[in-house]
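In the numbering used here, the protein residues as written are 542 to 612.
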């Protein structure tokens, strides 16, 4: 699953470079995608996610992550 979702995410990011895009996924899919770019996003990050949760990510690899959802 992670290889397929990473390939799909990278395709969308590359195709829409310089544009804003939205990718909807569940917590595990998001964590796997983020982990592909930065190993710091792993099981500990996944376990602290709130449900629901929203994050903004800036890519040139994984340049910046900002949590947008307010509890």
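Heads up, the beta-carbon is just placed ideally off N, CA and C, and yes, glycines get one too.
Computed from a predicted model, the values in this text were never measured in an experiment.
Name the DSSP bridge partner or partners of residue i?
i           : result
residue 608 : 596
Quick one: residues in its chain with C-beta nearer than 6 Å to the C-beta of residue i, no 5 flanking neighbours on either side, listed in chain order?
i           : result
residue 597 : 607, 609
Less than 7 Å separating the Cβ of residue i from some heavy atom of the ligand NAD?
i           : result
residue 552 : The ligand NAD is not among the ligands present in this structure, which contains no ligands whatsoever.
Would you grab the beta carbon distance between residue i and residue j for me? Rounded to a whole angstrom, and I think it's under 8 Å.
i           : j           : result
residue 566 : residue 587 : At roughly 12 Å, the Cβ-Cβ gap does not stay under 8 Å, so residue 566 and residue 587 are not in contact.
Spatial neighbours of residue i within its chain, please: CB distance less than 8 Å, with the 5 preceding and 5 following residues excluded, ordered by chain position.
i           : result
residue 568 : 587, 590, 592, 594
residue 562 : 553, 554
So the candidates are the options; which of them puts its Cα closest to the Cα of residue i?
i           : options            : result
residue 544 : 570, 611, 604      : 570
residue 560 : 611, 599, 604, 605 : 599
residue 558 : 612, 583, 605, 601 : 601
The segment 544 to 554 touching the segment 563 to 583, judged by at least three CB pairs closer than 8 Å: yes
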